[in-house]
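Chains as they are written, first to last, in the numbering used here: chain A, 18 to 350; chain B, 18 to 350; chain C, 18 to 350; chain D, 12 to 117; chain E, 12 to 117; chain F, 12 to 117.
Cβ coordinates follow ideal geometry from the N, Cα and C atoms, glycine included.
Here is the structure we will look at, set down as structure tokens.
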Amino acid sequence: MDLVADFLSRLVTQFQSPALAFLIGGMALAAFRSQLEIPDAIYKFAVFMLLMRIGIEGGLEIRDASFAEMLLPALVTIALGCLIVLLGRFTLAYLPGVKMEDAIATAGLFGAVSASTLAAAMVILEEEDIFYEAWVPALYPFMDIPALVLAIVLANLHLAKQDGASGNGPKIWSIIKDSLRGSALSALILGLALGLLTRPEQVFEGFYDPLFRGLLSILMLIMGMEAYQRLNELRKVAHWYAVYAFAAPLTHGLIAFGLGYLLHVTTGFSPGGVVLLSVLAGSSSDISGPPTLRAAIPTANPSSYIGSSTSIGTPVAIAIGIPLYLALAQMVF
Amino acid sequence: MDLVADFLSRLVTQFQSPALAFLIGGMALAAFRSQLEIPDAIYKFAVFMLLMRIGIEGGLEIRDASFAEMLLPALVTIALGCLIVLLGRFTLAYLPGVKMEDAIATAGLFGAVSASTLAAAMVILEEEDIFYEAWVPALYPFMDIPALVLAIVLANLHLAKQDGASGNGPKIWSIIKDSLRGSALSALILGLALGLLTRPEQVFEGFYDPLFRGLLSILMLIMGMEAYQRLNELRKVAHWYAVYAFAAPLTHGLIAFGLGYLLHVTTGFSPGGVVLLSVLAGSSSDISGPPTLRAAIPTANPSSYIGSSTSIGTPVAIAIGIPLYLALAQMVF
Amino acid sequence: MDLVADFLSRLVTQFQSPALAFLIGGMALAAFRSQLEIPDAIYKFAVFMLLMRIGIEGGLEIRDASFAEMLLPALVTIALGCLIVLLGRFTLAYLPGVKMEDAIATAGLFGAVSASTLAAAMVILEEEDIFYEAWVPALYPFMDIPALVLAIVLANLHLAKQDGASGNGPKIWSIIKDSLRGSALSALILGLALGLLTRPEQVFEGFYDPLFRGLLSILMLIMGMEAYQRLNELRKVAHWYAVYAFAAPLTHGLIAFGLGYLLHVTTGFSPGGVVLLSVLAGSSSDISGPPTLRAAIPTANPSSYIGSSTSIGTPVAIAIGIPLYLALAQMVF
Amino acid sequence: MTYKATKVVIITEKVIFDGVADIIEEMGGTGYTVVAAGGRGSRGVRSASGASIVDAFRNIKVEVIVSELAMAEKIADAVAERYFQNYSGITYLEEVDILRPHKFHH
Amino acid sequence: MTYKATKVVIITEKVIFDGVADIIEEMGGTGYTVVAAGGRGSRGVRSASGASIVDAFRNIKVEVIVSELAMAEKIADAVAERYFQNYSGITYLEEVDILRPHKFHH
Amino acid sequence: MTYKATKVVIITEKVIFDGVADIIEEMGGTGYTVVAAGGRGSRGVRSASGASIVDAFRNIKVEVIVSELAMAEKIADAVAERYFQNYSGITYLEEVDILRPHKFHH
Ligand SMILES: Nc1ncnc2c1ncn2[C@@H]1O[C@H](COP(=O)(O)O)[C@@H](O)[C@H]1O
Ligand SMILES: Nc1ncnc2c1ncn2[C@@H]1O[C@H](COP(=O)(O)O)[C@@H](O)[C@H]1O
Ligand SMILES: Nc1ncnc2c1ncn2[C@@H]1O[C@H](COP(=O)(O)O)[C@@H](O)[C@H]1O
Ligand code: NA
Ligand code: NA
Ligand code: NA
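Right, here's the structure in full:
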């Protein structure tokens with residue numbers, strides 16, 4: 018029962034950690050119907066800064082890392098992205114009141130990654146002085162893209178079958194291109210390229226890095242406000258979405274923890290890396306996932322997938338997921 | 018005549034201090050019809066950051082302070098907020114060409130608080146190494162809310178009497194709720210709660226605090242531009258508004274100084290605290306006051322109260338008020 | 018052939034320098050049709066911050082410099098602004114397919130100055146520890162205004178002659194006023210005044226200066242995206258614009274280098290100052306120049322001058338111009 | 012095939028937007044569209060851009076499509092009556108042709 | 012001297028803007044004007060301000076002036092048919108008077 | 012009870028807004044409403060969002076309600092004549108029904 022005790026004590030501390038505190042603060046503001054508004058331009062800029070910070074540091078690090086070292090984790094990350102979508106496709110989709118396309122889109126969103134959840138975990142690991150390979154956050158697209166692509170492909174297969182038409186099938190390469198063009202992945206990859214190919218150390222240390230925590234706190238506030246405001250969208254769809262949105266982040270995170278543990282044993286993947294991998298898996302996309310799905314699976318109801326992810330998925334991934342993986346790591350490593 | 022000399026020399030130095038210099042710079046730009054525009058998103062964000070900074074530090078400090086120590090100052094602050102409104106109600110309102118509702122709304126705005134004026138004073142105190150209890154800025158809502166509520170209640174009583182109707186009276190609790198929901202008080206209270214209940218030290222020291230001065234300089238610039246641009250609104254209303262707008266900040270500040278001095282003698286309230294209390298009283302609301310009044314006293318002419326406060330009240334409160342209280346403090350303490 | 022080798026090696030290093038790397042990154046994003054968007058509010062704010070930073074530092078420095086020392090460089094700067102316009106007027110304008118007004122407007126834009134190009138050069142000089150008089154960047158308006166004014170006057174003279182009308186001629190003072198009112202020069206002059214007359218050291222060192230590099234990197238990204246996106250505007254106009262846009266920045270920069278060298282020999286103007294003077298001359302305006310010209314020479318086709326300057330002029334000025342002047346400086350000083 | 016309907020346009024201060032939306036709902040409007048606006052009228056200029064300390068005083072333009080002229084007039088009248096003595100604003104009607112009339116009924 | 016023309020108005024989700032622009036072009040429209048909008052309809056409220064995590068779901072209002080009613084109806088129908096089953100949106104037509112008819116022909 | 016009036020709509024580059032406002036005033040318009048717009052016309056695409064180095068080239072849509080058709084035509088003609096050779100833009104008129112005609116007279 019050490020795990021439970023440790024997890025609970027972490028949970029309590031976690032509620033005082035800035036990331037979670039701002040998230041809850043945002044929820045409280047929305048619940049109280051505060052008129053506080055963080056301008057859209059600031060939100061977009063904060064997201065850009067976060068992803069550039071993650072990307073540049075990843076790029077700088079990859080320069081020194083051996084690609085061999087990253088290969089296996091990257092493959093595991095891809096597998097996790099696909100696994101999460103398949104899991105949703107074969108559980109959520111069969112629950113009463115749940116439409117197949119809606120289920121697939123939701124699973125796609127939970128397979129994809131949230132930059133802010135990832136950033137929150139990075140800050141907490143740094144606060145606790147837990148080492149991780151700096152390229153781990155850069156695994157982001159290796160989970161994000163396969164999950165979205167697979168979800169879109171599955172949804173289209175389903176619709177084609179339903180229509181009886183053979184269809185010409187979704188164009189996988191064009192979905193990948195659209196993903197990469199989205200603002201989140203564009204910023205991350207730009208950062209990676211800059212870190213890998215140029216010398217951005219000074220601007221990184223003087224600008225992108227020091228503003229990271231502060232802008233994250235503002236993003237958390239916005240996520241909290243959104244989470245509360247979108248709760249009533251969730252009320253419009255089947256209750257099973259709420260159940261899925263609660264259970265999925267933790268399930269996905271624990272599966273990833275297991276696979277990460279295997280990586281640790283076989284390749285020496287760091288405990289901090291295992292935690293971040295779990296966070297990647299447990300998080301659900303909030304920035305570029307929704308519009309990608311909206312455009313590619315138009316028949317899916319956005320209230321179902323955005324409601325699930327934003328209102329329940331993300332808060333659970335941050336507030337319960339992160340301390341849980343940390344407690345687990347403490348125990349097993 | 019030491020006071021006068023000291024005040025004048027401070028006045029001169031003050032004109033070189035960044036806060037005032039940016040304010041005057043903004044006025045000069047507007048007078049020259051410059052097309053420089055600080056985007057609205059930046060303005061809103063800067064205000065949010067200022068209030069979070071004030072709130073978080075206040076919260077961190079209150080944690081260590083004894084509530085008993087704060088009680089008396091808080092009561093005095095509430096009393097000041099109400100006194101300022103009553104003063105305006107029984108002087109300005111009886112001047113020729115002044116409509117009762119307009120007078121009450123104007124007095125309400127001068128009773129309420131300006132976050133940027135307060136922040137400017139905090140920066141100057143820090144520059145001069147004058148100590149103040151860090152919870153003093155957090156007294157903000159204790160003056161702001163009572164002043165706005167009382168003004169709205171008085172205006173409604175007046176209108177009800179005028180209509181001959183008994184009316185069911187304004188709902189005080191709903192006015193308070195609306196005030197608290199406004200963007201300014203929401204941000205301040207969020208900051209207070211975060212400082213009081215969580216551990217935001219790192220994000221405070223790495224983000225909210227270091228950006229404080231810089232964002233304040235930008236706010237001062239905007240206030241200067243607005244002050245000039247709204248001067249011609251003031252031309253549309255009775256001249257007495259200009260007289261009130263000039264005299265009121267200093268009168269209110271000096272009354273607060275007197276009460277603060279009593280607090281100093283009786284409870285050991287710091288000289289820096291006395292100065293800040295005077296600044297709170299002398300300042301007039303520029304962010305959340307105007308829309309609150311516009312919605313709650315619709316018959317009052319916004320040109321009268323916004324013109325008075327933005328064009329004359331705030332510049333006087335900053336440029337003359339702050340050095341005056343500092344000079345006084347130098348003399349009496 | 019030392020120069021060539023040095024220049025080439027600098028060119029290679031330069032491609033890794035953050036300024037250029039972000040510029041190229043922006044082009045790559047646009048070429049890949051990324052949906053990444055830097056909000057307009059952030060763009061405007063970044064430009065404001067850059068110009069304030071340049072202005073304040075210039076003002077602080079001028080305080081200590083002797084005006085005599087600046088006089089000759091300022092006159093040379095004015096001469097350069099005019100010379101560039103005249104050069105364009107008598108070369109570009111006579112090329113086949115080029116309309117006189119379009120040529121004059123284009124020359125005006127290349128005579129005017131780009132704040133971001135200047136800032137990029139400042140950062141590179143600082144990185145290489147090359148000294149320059151801190152008032153040199155403040156020479157900006159001495160080149161910008163004469164170039165724009167002369168271009169507008171020449172265009173109007175041309176149009177008046179064409180119409181056969183005597184016209185009452187363009188009002189030079191009103192063009193100068195409009196230039197000064199533009200957002201770029203307003204910010205620069207505000208900064209200069211604040212640096213010269215007040216004590217902004219603390220807010221400068223704690224805010225404007227540390228954010229300089231970071232915001233510059235973001236501006237470079239935006240310039241890169243714009244450069245690519247506006248390439249197809251250039252396709253709509255005569256090919257000669259592309260030739261001019263490529264050759265002009267380097268020609269102007271080299272002429273300025275020559276004149277700067279004379280200043281160095283006669284007045285001891287620093288080598289870093291010579292480089293910055295060349296950068297001022299080689300850069301073309303991207304912020305306030307275009308709208309000024311659009312309003313004042315309405316018959317000129319904006320695709321010609323904006324296309325030339327944004328798509329080719331600025332990238333050439335940064336990527337080739339800056340390392341070229343640095344290599345030259347290395348050789349001759 | 013198109014059907015006649017009426018568009019009510021209300022241009023007024025942002026600060027009373029919630030009240031206007033309530034009136035639209037009460038009177039039976041099935042929806043509305045709102046855009047940010049600036050303008051000049053009898054009560055001075057309201058800019059639509061740049062930092063303004065009193066953002067809440069900017070204008071909005073609200074458009075409501077209703078299938079019956081009577082309801083359109085009722086909405087316009089109600090807004091004007093409740094607000095236009097104290098708040099600046101104008102309202103007018105336009106005739107439009109809609110394609111799917113069921114969207115504008117309850 | 013003015014000429015009759017028709018304005019097609021399409022209010023829908025921002026995410027399908029490119030598709031709508033394509034339809035306008037295909038059907039022969041010579042141009043369009045677009046503004047950012049918020050609104051309420053049968054599918055819930057869409058705000059036009061503040062940070063929203065899913066900005067792409069906000070509304071746009073697209074206006075196309077065409078000189079022939081038939082083309083106007085074709086554009087409105089095509090947009091409604093291709094999109095309005097899955098995306099929220101409305102479309103309507105208005106009669107306008109133009110001054111320079113050649114601007115709206117190819 | 013409603014009264015007929017005319018709405019002049021002017022869609023053009025932001026950079027000439029002041030000139031357009033002057034024309035409206037000179038011709039006797041009692042007010043106007045302006046919104047930010049993007050668009051495509053004979054002179055290329057103008058986006059309404061994202062950082063653009065030449066923001067001043069974006070579009071605005073100005074609407075003026077006047078009680079007399081003649082004044083509407085005068086405003087539209089004056090704007091077109093003074094600006095549309097060199098600046099991109101279109102202008103058109105719409106018939107509207109107003110409730111309080113005194114607002115649109117001087
Ligand atoms: N003649 C008009 N044409 C178009 N819009 C107008 C007109 N008059 C007033 N408006 C709009 O209505 C708002 C309020 O007008 P007012 O109540 O007259 O100040 C103005 O800010 C404009 O946006
Ligand atoms: N009756 C209406 N009047 C004006 N705009 C409407 C109306 N109904 C819907 N809209 C607009 O069309 C959008 C989509 O409507 P809907 O598909 O009904 O959700 C809404 O967000 C509004 O902007
Ligand atoms: N057919 C049209 N329908 C609606 N708006 C148009 C149309 N043509 C042009 N516009 C608008 O008018 C602006 C200028 O048009 P132009 O002068 O043709 O480039 C465009 O950017 C559009 O916003
Ligand atoms: Na995931
Ligand atoms: Na006060
Ligand atoms: Na130049």
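The alpha helix (DSSP H) enclosing Thr327 (chain C), as first and last residue numbers
In the DSSP assignment, Thr327 (chain C) falls outside any alpha helix (DSSP H), carrying neither H nor E.
**OP:** Use the C-beta contact count for Ser26 (chain C): other C-beta atoms within 10 angstroms, 16 or more gives buried, fewer gives exposed.
**Re:** With a threshold of 16 other beta carbon atoms within 10 Å, Ser26 (chain C) falls short and is exposed.
Contact residues within the segment 219 to 241 of chain C, judged by C-beta distance below 8 Å to chain B
For the segment 219 to 241 of chain C, the residues whose beta carbon sits under 8 Å from a beta carbon of chain B are, in order, Gln219, Val220, Gly223, Phe224, Tyr225, Leu228.
Tell me whether the beta-carbon of Leu68 (chain C) lies closer than 8 Å to the beta-carbon of Ala155 (chain C).
No. Outside cutoff.
- For Thr102 (chain F), which three-state DSSP category applies? Three-state DSSP puts Thr102 (chain F) in a strand.
- Query: Can you give, in chain order, each stretch of the alpha helix (DSSP H) that sits fully within the segment 27 to 65 of chain C and has at least 4 residues?
  - Reply: Runs of the alpha helix (DSSP H) inside the segment 27 to 65 of chain C: 35 to 48.
Output, in chain order, the set of chain E residues within a Cβ distance shorter than 8 Å of Gly42 (chain D). What Gly42 (chain D) touches in chain E: Gly50, Arg51, Gly52, Ser53, Ile101.
Those residues which DSSP pairs with Asp161 (chain C) across a bridge: Bridge partners of Asp161 (chain C): none, in fact.
*Val292 (chain C) and Leu233 (chain C): beta carbons closer than 8 Å?*
The criterion of a C-beta distance shorter than 8 Å is not satisfied by Val292 (chain C) and Leu233 (chain C).
What does the alpha-carbon distance come out to for the pair Ala14 (chain A) and Ile27 (chain E)? Chain A is shown only over 18 to 350; residue 14 (chain A) falls outside these bounds and no answer can be derived.
* To do: Scan the segment 75 to 114 of chain A and note each continuous alpha helix (DSSP H) run of 4 residues or more that stays entirely inside, going in chain order.
  => Restricting attention to alpha helix (DSSP H) runs no shorter than 4 residues, the segment 75 to 114 of chain A encloses them at 84 to 107, ordered along the chain.
Applying the 10 Å Cβ sphere with the 16-neighbour rule, what's the burial state of Trp152 (chain B)? Label assigned to Trp152 (chain B): buried.
Measuring alpha carbon to alpha carbon, tell me which of F:Asn70, F:Met82, F:Ala16, F:Lys25 ends up nearest Ile2 (chain F). Residue 2 (chain F) falls outside the range modelled here, since chain F spans only 12 to 117, and no answer is possible.
Exercise for the section: Would you list the one or two residues that DSSP bridges to Val170 (chain B)? Expected result: DSSP, once it has assigned bridges, lists no residue as partnering Val170 (chain B).
Relative to the alpha-carbon of Leu271 (chain C), which residue among C:Leu167, C:Pro340, C:Ala63 has its alpha-carbon at the smallest distance?
Ranked by how close their Cα comes to the Cα of Leu271 (chain C), the residues C:Leu167, C:Pro340, C:Ala63 have C:Pro340 in first place.
- Query: Under three-state DSSP, which class holds Asp108 (chain E)?
  - Reply: Annotated three-state conformation of Asp108 (chain E) is strand, per DSSP.
Where does Ala16 (chain E) sit, in a helix, a strand or coil, going by DSSP?
Here Ala16 (chain E) carries a strand assignment [DSSP, helix/strand/coil].
Inter-stretch contact at 8 Å, needing at least 3 Cβ pairs: the segment 56 to 75 of chain C / the segment 192 to 207 of chain C
Yes, since at least three Cβ pairs between the segment 56 to 75 of chain C and the segment 192 to 207 of chain C fall closer than 8 Å, the two stretches touch.
Exercise for the section: Would you mind stating whether Val20 (chain E) and Lys85 (chain E) have Cβ atoms separated by less than 8 Å? Expected result: At least 8 Å separates the beta-carbon of Val20 (chain E) from that of Lys85 (chain E).
For Asp161 (chain A), which option in A:Ala22, A:Glu74, A:Ser131 has the closest C-alpha, if you only look at C-alpha atoms?
Measuring from the Cα of Asp161 (chain A), the nearest candidate turns out to be A:Ser131.
Query raised in the report: Among the residues of its own chain, which have a CB less than 7 Å from the CB of Phe115 (chain D), if the five just before and after it don't count?
Result: Cβ neighbours of Phe115 (chain D) beyond the five flanking positions: Ala16, Thr41, Ile76, Val77, Ser78, Ile109.
Could you give the first and the last residue of the continuous alpha helix (DSSP H) run that contains Asn249 (chain C)?
DSSP places Asn249 (chain C) in the uninterrupted alpha helix (DSSP H) bounded by 229 to 251.
Query - beta strand (DSSP E) segment containing Val3 (chain E), residue limits - result: Because chain E here runs from 12 to 117, residue 3 (chain E) falls outside it and cannot be looked at.
Margin query: Using only CA atoms, which one of A:Tyr342, A:Tyr278, A:Ile335, A:Gln347 lies nearest to Gln33 (chain A)?
Written below: Shortest Cα-Cα distance from Gln33 (chain A) to any of A:Tyr342, A:Tyr278, A:Ile335, A:Gln347 involves A:Ile335.
Beta-carbon neighbours of Lys15 (chain F), restricted to chain E and to distances below 9 Å
Within 9 Å Cβ-Cβ: nothing; Lys15 (chain F) doesn't reach chain E, min ~13 Å.
Discussion item. Which of the three DSSP states is assigned to Ile141 (chain B) in this structure?
Written reply: Looking at Ile141 (chain B) - three-state DSSP - the assignment turns out to be helix.
### Message
So, with DSSP's three-state summary, where would you put Val220 (chain B)?
### Response
In the displayed model, Val220 (chain B) falls within a helix according to three-state DSSP.
- Query: Under 8 Å between C-beta atoms, does Lys114 (chain F) make it to chain D?
  - Reply: It does; some Cβ of chain D falls within 8 Å.
**Item:** Positions along the segment 16 to 37 of chain D whose CB lies within less than 7 Å of some CB in chain B
**Value:** Residues passing the 7 Å Cβ filter: Val26.
Indicate the three-state DSSP secondary structure (helix, strand or coil) for Tyr342 (chain C) in the structure shown. The DSSP-derived three-state label of Tyr342 (chain C) is helix.
Does the distance from the C-beta atom of Val107 (chain E) to that of Glu74 (chain F) stay below 8 Å? No Cβ-Cβ contact shorter than 8 Å links Val107 (chain E) with Glu74 (chain F).
Taking 6 Å as the limit between beta carbons, can you name the residues of its chain near Ala262 (chain C), skipping five residues before and five after?
Cβ neighbours of Ala262 (chain C) within its own chain (closer than 6 Å, five residues either side excluded): Ser325, Ile329, Gly330.
_Just checking Leu267 (chain C) against ligand 6 - is the residue's beta carbon closer than 7 Å to any of the ligand's heavy atoms?_
No, the beta carbon of Leu267 (chain C) sits no closer than 7 Å to any heavy atom of ligand 6.
Would you call the CB atoms of Ala244 (chain A) and Leu97 (chain A) closer than 8 Å? Contact flag unset, no.
Inset, instruction - Mind checking the segment 195 to 208 of chain C against chain B and listing, in chain order, the residues whose C-beta falls within less than 8 Å of any C-beta there? - result: Those residues of the segment 195 to 208 of chain C that come within reach of chain B (Cβ to Cβ, closer than 8 Å) are Leu197, Arg198, Gly199, Ser200, Ser203, Ala204, Leu207.
- Message: Run through chain A and tell me which residues come within less than 8 Å of Gly42 (chain C), C-beta to C-beta.
- Response: Those are Leu207, Ala210, Leu211, listed as they occur along chain A.
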